[in-house]
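From first to last, the protein sequence lines are chains A and B.
237 is the number that our numbering gives to position 237 of the first sequence; each next residue is one higher, with no gaps.
With the second sequence counted from 1, adding 1000 to any position gets you our numbering.
Here the structure is laid out as structure tokens; the discussion comes afterwards.
There are 2 protein chains.
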Amino acid sequence: MSRTMNFSAGPAALPLPALERARDELLDFAGTGMSVMEQSHRGADYEKVHDEAIALTRGLLGVPDTHDVLFLQGGASAFFALLPMNLLEKGRSADYVLTGVWGEKAWGEARHTANLLGAQVHVAADTGTGDGKAKTWTRVAVAADLKQRDPSAAYLHFTTNETIHGVQFGVDPARPFPDSGKVPLVADMSSDFLWRKFDVSRFGLVYAGAQKNIGPSGVVMVIVRKELVAAGRKDIPKIFQLRTHAENKSLYNTPPTFGIYMVRNVLAWLQGIGGLDAIEARNRTKAAKLYAAIDGGPGVFRCSVERESRSLMNVVFRLPTEADEERFAKEAKKLGMIGLKGHRSVGGIRVSLYNAVEPAWVDALVGFMGEFARKG
Amino acid sequence: MSRTMNFSAGPAALPLPALERARDELLDFAGTGMSVMEQSHRGADYEKVHDEAIALTRGLLGVPDTHDVLFLQGGASAFFALLPMNLLEKGRSADYVLTGVWGEKAWGEARHTANLLGAQVHVAADTGTGDGKAKTWTRVAVAADLKQRDPSAAYLHFTTNETIHGVQFGVDPARPFPDSGKVPLVADMSSDFLWRKFDVSRFGLVYAGAQKNIGPSGVVMVIVRKELVAAGRKDIPKIFQLRTHAENKSLYNTPPTFGIYMVRNVLAWLQGIGGLDAIEARNRTKAAKLYAAIDGGPGVFRCSVERESRSLMNVVFRLPTEADEERFAKEAKKLGMIGLKGHRSVGGIRVSLYNAVEPAWVDALVGFMGEFARKG
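In structure tokens:
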């Protein structure tokens, strides 16, 4: 079997060693004579995996003692609602920075949730242009965009990386994470969590669906300041309260044990190859090669994202016609490269370069792009 | 490797063929050169699995067209809150029948949720005796217990099988599912879903966490009458609305793809061995042998559950002393039988006999019980 070069936006490629480890012990985990899926979540064998996944996260990122590391369910989409449910209250407002579709979705769900709670949400910045289906984003927000932020907001939410429009905060020093002042900073990092180190202490809360950089779908990782957990609402369902999961080490109810086990495998692989500094260097090299192929070619490929906002995780570009794009994806597929079509809402080509995407795959893609451009 | 005889309450044993299938194709699913975990949830290869899991459920149970089959996340514990969020409204009430700890938890979370919504919940029946930590249940509810039910309730909720106290509705014809009249009947079937056929058309909604009878943790299956979906609240977060998942075939956001794939594998195995009639016969035989060993011995084992309410899924019994119980579990473990300790809240012995527990394991356990009783 040859391994397909998977450039999908997510669920996405996983590191081969993490998958091989799962396969090798799928029927007999840690000599127990059972699959890890068959282990009680209250048993010592599973708990070791659970604890290791938390410890690896803490170690890789240097998560300070001021913050809890939680595993939740429901996807980032459920967390769009759980966040305001925990942190908003009547008469208060939360700020949202919109730099793409996912930030807009998070805001939409928060608005819906705030209505139910008698609270408000507020768009602190929106870098989009155009309306309705034609609305598009080509850059992240900068300090000047944030002049309207509410200094007494419950939190300020932004999306570190937008998968559909290919813009990302923090890649270029000129496009840092927003400064929220004394307001707790909250980030949806679903699509770029652990692509490199970041200063956790700056954040009130960070959340990430696992299915891009850290595991299979069905797991959401949350890193949250303990003070925010303690201050959260107590009148919402117990299962939705962050404190319930913080107080029970994410074992209040049965967690998605196999998903967390896979996250452990992925994080162990990440540590084994040198941790976040090593993966950052690898990710930067992969993206640099691809953007060079886009910009340096004979004009067949064009990326309209502002240079400083360009995502290292999701590289989006266009070809002269939609027919060219169709042919591009089709010919690439014949060479074993899949997941290259842009999101159905925007079209074009999208190349996702998450941690597990091998540098050799990018070399193969860049080679193909050169051929394609030459042959026309 | 010899396979451990896993009598855990959940996550529990899975059918070996379902696990072997997963192992064999873990790196190369359906000839795609990728793991099923790496497949896009919008791709044809994953969608086929997703559709097959739904079709197998429909086929095995004969789910009528009046009902949707959904896959959600968050565990049954999250559904304890999602249920009233969808179906309760200001001034209305829902009825709960309590026959064990899980029904009580569902009621507690519903009460919490109802407070937030300005609605009510009402205990229609509680077969428990004693208070606080000493509260115990030894039987399910019968018609006479339900005299206090509210004929205008939004729904009547009960728990078909209680894992901790070992009582189950519907095993004995004298202990049928409650009659809710015109009120929609709702059941938490987490611990006995698909142990046999049941008449889906009688139910407004049925839900089940997967990690007992149908798959790994992280997946919740819901079968719901379309009319109830349509009548559900629209002012709660979109991700929590059943209609969102019904309208999008549970693909509104990224579902737990690997978990649903495993459910597919388990259901395919179930169909392959003869479907629900075959598994019912197998389950009845397993439980009959075990209860015979309890009742027919020299008085070492005693089960205090009312005979007609005895669970075929979780068989609970006591030995003369706690030290005997400790020794029983320890000696069984040496013989490769695990998961036999009762829930930490009640002690004793608990034997879970879910679908994937092999008849040969029960024979081995019964043999050991005979030895244990003889030797004292």
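Quick reminder that beta carbons are idealized off the backbone N, C-alpha and C, glycines included.
Quantities reported herein were computed from a predicted structural model and do not represent experimental measurements.
Whether Met1005 of chain B touches Met1221 of chain B by CB criterion (8 Å): For the purposes of this step, residue 1005 of chain B is taken as the residue at position 5 of the second sequence. For the purposes of this step, residue 1221 of chain B is taken as the residue at position 221 of the second sequence. The answer is no: Cβ separation not under 8 Å.
Using the beta-carbon of each residue, which ones in chain A are nearer than 9 Å to Ser1191 of chain B? As a working note, residue 1191 of chain B is residue 191 in the second sequence. Using a Cβ-Cβ cut-off of 9 Å, Ser1191 of chain B is close to nothing in chain A; its nearest Cβ partner there is about 12 Å away.
Jot down the residue ranges of each uninterrupted beta strand (DSSP E) in the region 1027 to 1078 of chain B, minimum 3 residues, whole runs only, in chain order. Listed in chain order, they are 1067 to 1072.
Taking only runs of the alpha helix (DSSP H) that begin and end inside the region 220 to 253 of chain A, which ones reach a length of at least 4 residues, in chain order? Fully contained in the region 220 to 253 of chain A are the following alpha helix (DSSP H) runs of length 4 or more, in chain order: 226 to 231, 242 to 247.
The region 217 to 236 of chain A touching the region 63 to 79 of chain A, judged by at least three CB pairs closer than 8 Å: Cβ pair count under 8 Å is three or more, so yes.
How big is the Cα-Cα spacing for Arg350 of chain A and Trp361 of chain A? Looking up residue 350 of chain A in the first sequence gives position 350. Looking up residue 361 of chain A in the first sequence gives position 361. Pairing Arg350 of chain A with Trp361 of chain A, the inter-Cα distance amounts to about 14 Å.
Can you give me the Cβ contacts of Asp1045 of chain B inside the same chain, cut-off strictly under 6 Å, excluding the 5 residues immediately before and after it? For the purposes of this step, residue 1045 of chain B is taken as the residue at position 45 of the second sequence. Ala1030, Thr1032, Gln1039.
Which chain A residues sit within Cβ distance under 9 Å of Gln1120 of chain B? Here the question's residue 1120 of chain B lines up with position 120 in the second sequence. Close partners of Gln1120 of chain B in chain A (Cβ separation under 9 Å) are lacking, with about 16 Å as the shortest Cβ gap.
What is the residue span of the alpha helix (DSSP H) that Gly275 of chain A lies within? As a working note, residue 275 of chain A is residue 275 in the first sequence. First-last of the alpha helix (DSSP H) with Gly275 of chain A: 275 to 296.
Anything in the region 91 to 121 of chain A with a Cβ closer than 7 Å to a Cβ of chain B? List those residues in chain order, please. Listed in sequence order: Glu109, His112, Thr113, Asn115, Leu116.
Chain B residues whose Cβ lies nearer than 7 Å to that of Ser40 of chain A: Counting from one through the first sequence, the residue named residue 40 of chain A turns up at place 40. Near Ser40 of chain A (Cβ distances below 7 Å), the residues of chain B are Ser1008, Pro1011, Gly1339.
Provide the residue span of the beta strand (DSSP E) that contains Arg1350 of chain B, from first to last. Along the second sequence, one-based indexing puts residue 1350 of chain B at 350. In the DSSP assignment, Arg1350 of chain B falls within the beta strand (DSSP E) that extends over 1349 to 1352.
Quick one: what's got a C-beta closer than 8 Å to Thr136 of chain A's C-beta in the same chain, skipping five residues either side? Position 136 of the first sequence, counted from the first residue, corresponds to residue 136 of chain A. Answer for Thr136 of chain A: Gly128, Thr129, Gly130, His165, Val346, listed in chain order.
Starting from Arg1315 of chain B and walking both ways along the beta strand (DSSP E), at which residues does that stretch end? Counting from one through the second sequence, the residue named residue 1315 of chain B turns up at place 315. Per the sequence shown, residue 1315 of chain B should be read as Val rather than Arg. Unbroken beta strand (DSSP E) run through Val1315 of chain B: 1314 to 1317.
Contact the region 1169 to 1177 of chain B vs the region 1245 to 1262 of chain B: 3+ CB pairs below 8 Å: No contact exists between the region 1169 to 1177 of chain B and the region 1245 to 1262 of chain B.
Any Cβ of chain A within less than 8 Å of the Cβ of Glu1331 of chain B? Here residue 1331 of chain B refers to the residue found at position 331 when the second sequence is read from its first residue. At a cut-off of 8 Å between beta carbons, Glu1331 of chain B makes no contact with chain A.
Residue burial classification, Glu322 of chain A (beta-carbon count within 10 angstroms, cutoff 16): Along the first sequence, one-based indexing puts residue 322 of chain A at 322. By the 10 Å Cβ count, Glu322 of chain A comes out exposed.
If you drop the 5 nearest sequence neighbours on each side, which residues of the same chain put their C-beta closer than 7 Å to that of Thr1257 of chain B? In the second sequence, counting from the first residue as 1, residue 1257 of chain B sits at position 257. For Thr1257 of chain B, where only same-chain residues beyond five positions count, the Cβ hits under 7 Å are Val1036, Met1037, Gln1039, His1041, Tyr1046.
Quick one: residues in its chain with C-beta nearer than 6 Å to the C-beta of Phe80 of chain A, no 5 flanking neighbours on either side, listed in chain order? Your numbering for residue 80 of chain A matches position 80 in the first sequence. So the list reads Ala106, Glu109, once near-sequence residues are dropped.
With a CB to CB cut of under 6 Å and the five nearest residues on each side skipped, what residues in its chain are close to Ala1018 of chain B? Your numbering for residue 1018 of chain B matches position 18 in the second sequence. Counting only Cβ-Cβ distances below 6 Å, and skipping sequence neighbours, we find Asn1265, Val1266, Trp1269.
Option nearest Asp314 of chain A by Cα separation, candidates A:Ser190, A:Met369, A:Ala9: As a working note, residue 314 of chain A is residue 314 in the first sequence. The question names Asp, but residue 314 of chain A in the sequence shown is Asn. Looking from the CA of Asn314 of chain A, the closest CA among A:Ser190, A:Met369, A:Ala9 belongs to A:Ala9.
When DSSP builds the beta bridges, which residues end up paired with Gln1168 of chain B? In the second sequence, counting from the first residue as 1, residue 1168 of chain B sits at position 168. B:Asn1161, per the DSSP bridge assignment.
Measuring only between beta-carbons, confirm whether Met221 of chain A sits less than 8 Å from chain B. Here residue 221 of chain A corresponds to residue number 221 of the first sequence, with the count starting at 1. Answer no: the Cβ-Cβ gap between Met221 of chain A and chain B never drops below 8 Å.
Contact list for Asp235 of chain A against chain B, beta-carbon separation under 9 Å: Counting from one through the first sequence, the residue named residue 235 of chain A turns up at place 235. Ordered by position in chain B, the residues that pass the 9 Å Cβ test against Asp235 of chain A are His1112, Asn1115, Leu1116.
Length of the line joining the Cα atoms of Ala428 of chain A and Lys1182 of chain B: With chain A represented from 1 up to 376, any question about residue 428 of chain A goes unanswered, as that position is not in the structure.
First through last residue of the alpha helix (DSSP H) which encompasses Glu96 of chain A: The residue labelled residue 96 of chain A in the question sits at position 96 within the first sequence. Reading the sequence as shown, one finds Tyr at residue 96 of chain A and not Glu. Looking at the DSSP string, Tyr96 of chain A is not in any alpha helix (DSSP H); the run it does join, the beta strand (DSSP E), is 93 to 98.
Identify the contact partners of Glu1020 of chain B in chain A, using a Cβ-Cβ distance below 8 Å as the criterion. The residue you call residue 1020 of chain B lines up with position 20 of the second sequence. Neighbours of Glu1020 of chain B on chain A, chain order: Leu27.
Residues in the same chain with beta-carbon distance under 7 Å from Ala287 of chain A, minus the five sequence neighbours each way, listed in chain order, please. As a position in the first sequence, residue 287 of chain A is number 287, starting the count at 1. Leu312, Val315, Leu353, listed in sequence order.
How long is the line joining the alpha carbons of Gly348 of chain A and Glu325 of chain A, rounded to whole angstroms? Stepping through the first sequence from its first residue, residue 348 of chain A is reached at position 348. Stepping through the first sequence from its first residue, residue 325 of chain A is reached at position 325. A straight-line Cα-Cα distance of about 6 Å links Gly348 of chain A and Glu325 of chain A.
Cβ atoms of Val123 of chain A and Leu98 of chain A: under 8 Å apart, would you say? As a working note, residue 98 of chain A is residue 98 in the first sequence. As a working note, residue 123 of chain A is residue 123 in the first sequence. With contacts defined as CB atoms closer than 8 Å, Leu98 of chain A and Val123 of chain A qualify as a contacting pair.
Return no unless some Cβ of chain B is closer than 8 Å to the Cβ of Thr163 of chain A. Position 163 of the first sequence holds residue 163 of chain A. Output row for Thr163 of chain A: interface = no.
Whole-angstrom distance between Arg1202 of chain B and Met34 of chain A, CA atom to CA atom: Taking the first residue of the first sequence as 1, we reach residue 34 of chain A at position 34. Taking the first residue of the second sequence as 1, we reach residue 1202 of chain B at position 202. So the two alpha carbons sit approximately 37 Å from each other.
What in chain A is Cβ-close to Pro1255 of chain B, meaning under 9 Å? Stepping through the second sequence from its first residue, residue 1255 of chain B is reached at position 255. Per Cβ cutoff of 9 Å: Gly75, Ser217, Gly218.
Should Ser1035 of chain B be flagged as near chain A, meaning a C-beta pair shorter than 8 Å? Translated into positions along the second sequence, residue 1035 of chain B becomes position 35. So, interface residue.
Comparing the C-beta of Ile444 of chain A with each C-beta of chain B, is any distance below 8 Å? This structure gives no information on residue 444 of chain A, because the portion of chain A shown stretches from 1 to 376.
C-alpha distance - Leu1365 of chain B paired with Lys1334 of chain B, whole-angstrom precision: For this step, residue 1365 of chain B is matched to residue 365 along the second sequence. For this step, residue 1334 of chain B is matched to residue 334 along the second sequence. Rounded to whole angstroms, Leu1365 of chain B to Lys1334 of chain B spans 12 Å at the Cα level.
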